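Below: the structure, in structure tokens.
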Amino acid sequence: MTRDTNNTRGMDPARRRFLTDTLRTAAGVGLVALTLGVYQRQARALPATAIRPPGVGDEASFQGACIRCGLCVRDCPYNTLKLAELGDEVALGTPYFQARDVPCEMCDDIPCVKACPTGALDPALKEIDKARMGLAVVVDQESCIAFQGLRCEVCFNVCPIRGKAITLNYQHNERSGKHALFIPVVHSKACTGCGKCEKACILEEAAIKVFPIALAKGMLGRHYRLGWEQKTEAGHALVTPDAPHQYNLPEGMRYEHGGRGLMSGEPPPAPSPPPQPFAPEAPLPPFSSNPLDTLNRKGGL
Amino acid sequence: MEPGGRPGEEAIRVRGWFPAHRYLILRRVSQLAILGLFLAGPWLGIWIVKGNIASSLTLGVLPLSDPLVLLQVFASGHVPGTAALLGGLIVLVFYLVVGGRVYCSWVCPVNIVTDSAEWLRRRLNLKGSAHLSDKSRYWLLGAILLVAMVTGSVAWELVNPVSMVYRGLVFGMGMAWGVVVAVFLLDLFVGRRAWCGHLCPVGAFYGLLGEAAVVRVSAIRREHCDDCMDCFAVCPEHQVIRPALKGADKGVGPVIMSGHCTNCGRCIDVCGRDVFAFTTRFSNSSRQPVSGVNHKSEVSS
Ligand code: SF4
Ligand code: SF4
Ligand code: SF4
Ligand code: SF4
């Protein structure tokens, strides 16, 4: 301290003390602010199993709007929601649920959104079917028993908007050669992310899981358009129809597009469309489409 | 205070133990009753108040929100919904009337923790105190608003011990007990009143509010002061007393005008000579007629 006072030379010690004190405080607080900022950045990463209540837009802005009061939690009649505690991976005090524990029951009157005093849960959300809490994904096709050819469809049956959010896609069972697979397929256009499917999945560890949308959803390039969708929308093809290919081939030769390549002989009179596997005109498969026919047939298979 | 004696001994002798702890007891009752109202729902199923100290709904009609949390929401670039704004306004007006830091001494649960640390500190006769500027809290207040602005999130609420403890008690503590212990140890070993008196930005905010508040403590019979220093010993913000208590010669009025007086009333409790009393900011003329308001009856009882 004595050396300090010697060094001041002309500077009033009180003034000097004030300056060093101020600088010290400013430096300390600056450090705290920086740490807080960095911590906040990390708190923004939502773990894959944490699903936000209905009416939450993107995670970053939710953390600016939610004041962590828990009124949404209190008004949820199914005790779905909880507030993140210190030590949880979710930003402290913010509401979330874990579908495998308690999924959202998709209340018609959306009491959680009504309870929110800040609008962090968007009050413009009036129909629960429009909620996008997350997106269900059949994450493990190896364990989902539907992929093994077994009948399950539990996820399909519990879905509050089954048929739209989740459908069953019939596929040929290669293994048995004669059965169908009833594959659950989730459609992001309708799935609310309520998590009832994940809750109901009969496996020890669910094969269908709800993830935050940012995690679950891929995206085509923004400029991508699917030709067939555009065609249905417009009612006609938007690109020029295929012109027959012109090759400058030697006399008497032709090009076969099915893989055989250059061959001799005249082309078949009219290029018939390739046979569609299950088109009605196609030759009937050896098995009737009605499984009962096969079962009732004398002598078994 | 006699040498080696404890502050308030004279008051206990003159007025009895209960009157000499009146405001302390009332404050604890108030703090615990408010907490009890919040806990009655989750613990007993009596839903008088829902939510927590950040925002709550009483009896389904009265919204109350913490104005500092709302300020952070604004800083993060969001506009809180009307319920939250109305709640914030009600709370703001309330503390503008009763005193800003009434929040600290009559509501905040951390106050019980830091008061206990201070009590133990006195008991163990711990003297050392780190040099912390009591202006640090304003810097911290600015810093948390800045961080909210930069990150777009209510970042302070990730670490705020005040809301953490309240939310923890009502919704589940997680590891928040660690924070309670940390604050206790900080006040016990690092510095006297280090948290509430130097660092807490919540206290800083309510202190600023308190500058304009109506209800205030006044050294209304300051000429009776016998310099026992008991009030200085118990006051959590003892720098606020001197201007009012010793300002008679300088023409300063007897009302404690600093926003950092918490209106805890401990000075009223411990003064054996009945110097202090609750008044309003409007009774602050320096030439106070004293004889008319002398409650000698209480002293002689
Ligand atoms: S919609 Fe209903 S079940 Fe789902 S989170 Fe909200 S209140 Fe709970
Ligand atoms: S009610 Fe709104 S502000 Fe309160 S915790 Fe739920 S989402 Fe956040
Ligand atoms: S999460 Fe599952 S149950 Fe809920 S809507 Fe989506 S597919 Fe249906
Ligand atoms: S001046 Fe009195 S009322 Fe104000 S904080 Fe100090 S002890 Fe409490």
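Quick mapping for you: the protein sequence lines, in order, are chains A and B.
Start counting the first sequence at 82; every next residue gets the next number (my numbering).
Start counting the second sequence at 293; every next residue gets the next number (my numbering).
C-beta atoms are modelled at their ideal positions from N, C-alpha and C, and glycine is treated no differently.
Remember, predicted model here, so these are calculated numbers, not experimental data.
- In terms of Cβ geometry, A/Met-214 and A/Cys-275 form a close pair [threshold 8 Å].
- Here the alpha carbon of A/Ala-318 sits roughly 42 Å from the alpha carbon of A/Pro-204.
- Per the C-alpha coordinates, the member of B/His-370, B/His-552 and B/Asp-522 positioned closest to B/Cys-559 is B/Asp-522.
- Contacts with chain A at 8 Å (Cβ-Cβ) include B/Phe-463.
- Residue pairing by DSSP places B/Val-475 opposite no residue, since no beta bridge is assigned to it.
- Under a 10 Å Cβ-count criterion, A/Ser-345 is classified as exposed, with fewer than 16 other Cβ atoms of the shown protein chains found around its own Cβ.
- At least one heavy atom of ligand 4 is found less than 7 Å from the C-beta of B/Glu-529.
- For B/Trp-411, no chain A residue has a Cβ inside 8 Å of its Cβ, as the nearest lies near 26 Å away.
- At a cut-off of 8 Å, the C-beta of B/Gly-466 has a neighbouring C-beta in chain A.
- Following the DSSP letters along the chain, one finds A/Pro-265 in no alpha helix (DSSP H) but inside the beta strand (DSSP E) bounded by residues 261 to 267.
- The C-beta distance from B/Thr-554 to B/Ser-510 rounds to 15 Å, too long to fall under 8 Å, and the pair is not in contact.
- Measuring C-alpha to C-alpha distances from B/Ser-455 to each of B/Ala-332, B/Tyr-395, B/Arg-307 and B/Ser-408 identifies B/Tyr-395 as the nearest.
- Under the 10 Å beta carbon count, B/Ser-397 is surrounded by 16 or more other beta carbons and is classified as buried.
- Counting only runs of 3 or more residues that sit fully inside the stretch 315 to 351 of chain B, the beta strand (DSSP E) segments are 341 to 344 and 347 to 350, in chain order.
- Annotation: A/Gln-229 is outside any alpha helix (DSSP H) and is labelled neither H nor E by DSSP.
- Nearest to A/Arg-181 by C-alpha distance, out of A/Gln-311, A/Glu-332, A/Glu-279 and A/Thr-313, is A/Glu-279.
- For the 8 Å CB-CB criterion, B/Ala-422 and B/Gly-483 form a contact.
- Less than 8 Å divides the Cβ of B/Pro-453 from the Cβ of B/Val-402.
- Between ligand 1 and A/Tyr-177, a heavy atom-to-CB distance of less than 7 Å is absent.
- 8 Å or more divides the Cβ of B/Val-526 from the Cβ of B/Pro-535.
- Between ligand 3 and the CB of A/Pro-241, the shortest heavy atom gap is smaller than 7 Å.
- For A/Gly-109, the enclosing alpha helix (DSSP H) has its first and last residue at 94 to 124.
- With a beta-carbon spacing of about 6 Å, B/His-516 and B/Val-567 fall inside the 8 Å limit used to define contacts.
- A straight line joining the alpha-carbon of B/Val-383 with that of B/Asp-358 spans about 7 Å.
- Taken through DSSP and simplified to helix, strand or coil, A/Asp-221 comes out as coil.
- The residues Val-235, in chain order, have a CB closer than 6 Å to that of A/Ile-283 in the same chain once the five nearest residues on each side in sequence are set aside.
- DSSP places A/Asn-238 in the helix class (H, G or I) of the three-state scheme.
- Counting only runs of at least 4 residues, the stretch 437 to 524 of chain B fully encloses the following alpha helix (DSSP H) elements, listed from N- to C-terminal order: 453 to 463, 468 to 477 and 493 to 502.
- If you compare the alpha carbons of B/Gly-434, B/Ala-375 and B/Ala-447 with that of B/Leu-500, the shortest gap goes to B/Gly-434.
- Ranking B/Tyr-498, B/Val-389 and B/Val-471 by CA distance to the CA of B/Phe-574 puts B/Val-389 first.
- The Cβ of A/Ile-209 sits no closer than 8 Å to any Cβ of chain B.
- The straight-line gap separating the alpha-carbon atoms of B/Arg-320 and B/Ile-404 is approximately 8 Å.
- Within the DSSP bridge table, the entry for A/Lys-270 names no partner.
- According to the DSSP assignment, A/Lys-290 belongs to no alpha helix (DSSP H) but to the beta strand (DSSP E) extending over 289 to 292.
- Within 10 angstroms of the beta-carbon of B/Met-549 lie 16 or more other beta-carbons, which makes it buried.
- Using a Cβ-Cβ cut-off of 8 Å, A/Asp-190 does not count as an interface residue toward chain B, since no Cβ of chain B sits closer than that to its own.
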